[in-house]
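Report on the structure given below.
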Amino acid sequence: MPKTILLVEDDVALAKMYSTKFALEGFNVKIARSGDEGLNMALTEKPDLILLDMMLPKVSGDVILQKIKNDSSAKNIPVIVLSNLTVTKEAQEAVRLGAKEYLAKAMHTPEQIVEKVKKYI
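Once you know that position 72 of the sequence shown is 217 in my numbering, the rest is easy, because the numbers rise by one and skip nothing.
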């Protein structure tokens, strides 16, 4: 059975690109386009891994990450933050909150992101 990735990303073009890349690698991809939708899907659908943008409408990525890591049924789901923010402070905070890694979108190809995901699931 293919592993499921929840991609929480509000940029439609990026979401489609990553979704296609992961599907070609054999993953099942679910997409949430807002923070509240992403949080709801993370807690109800229990994906194998979450790729989480930080700048989202309605609920920000750091709040989602905190809520996931404080939920007893979801806290062990690996989360990789995938963001346009390249600020070290945000990266350190995301890892402190429980993210496995913090990846700047502009500095990683889709192929590199797939390889990072494969390390955790």
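Beta carbons are placed, not taken as given, at the ideal position from N, Cα and C, and that holds for glycine.
Do T254 and P192 count as a contact pair if the criterion is CB distance below 8 angstroms? If you number the sequence shown from 1, residue 192 lands on position 47. If you number the sequence shown from 1, residue 254 lands on position 109. No.
At least three beta-carbon pairs within less than 8 angstroms, the segment 162 to 172 to the segment 204 to 212: no
Whole-angstrom distance between I266 and K245, CA atom to CA atom: Along the sequence shown, one-based indexing puts residue 245 at 100. Along the sequence shown, one-based indexing puts residue 266 at 121. Near 12 angstroms, if we compare the C-alpha coordinates of I266 and K245.
Rounded Cβ spacing between I213 and V226 (contact assumed at less than 8 angstroms): Looking up residue 213 in the sequence shown gives position 68. Looking up residue 226 in the sequence shown gives position 81. The beta-carbon separation of I213 and V226, rounded to 12 angstroms, does not stay under the 8 angstroms limit for a contact.
Helix, strand or coil for E170, going by three-state DSSP, please let me know. For the purposes of this step, residue 170 is taken as residue 25 along the sequence shown, with counting starting at 1. Three-state result, E170: coil.
Of the listed residues E238, A219, N229, D156, nearest to N185 (C-alpha basis): Here residue 185 corresponds to residue number 40 of the sequence shown, with the count starting at 1. Among E238, A219, N229, D156, the Cα nearest to that of N185 is on A219.
Going straight from the alpha carbon of K175 to that of L152, what length do you get? What you label residue 175 is simply residue 30 of the sequence shown in a count that begins at 1. What you label residue 152 is simply residue 7 of the sequence shown in a count that begins at 1. Distance between the alpha carbons of K175 and L152: 6 angstroms.
Taking A249 as part of the beta strand (DSSP E), name the residues at either end of that continuous run. Residue numbering aside, residue 249 sits at position 104 when the sequence shown is read from its first letter. A249 -> beta strand (DSSP E) spans 246 to 249.
Do I222 and I195 have their beta-carbon atoms positioned less than 8 angstroms apart in this structure? Mapped onto the sequence shown, residue 195 falls at position 50. Mapped onto the sequence shown, residue 222 falls at position 77. Result yes, Cβ atoms of I195 and I222 sit closer than 8 angstroms.
Report back the beta-carbon spacing between D181 and E154 to the nearest angstrom; my notes put them in contact at under 8 angstroms. Here the question's residue 181 lines up with position 36 in the sequence shown. Here the question's residue 154 lines up with position 9 in the sequence shown. The pair is not a contact, with the Cβ atoms about 14 angstroms apart (cut-off 8 angstroms).
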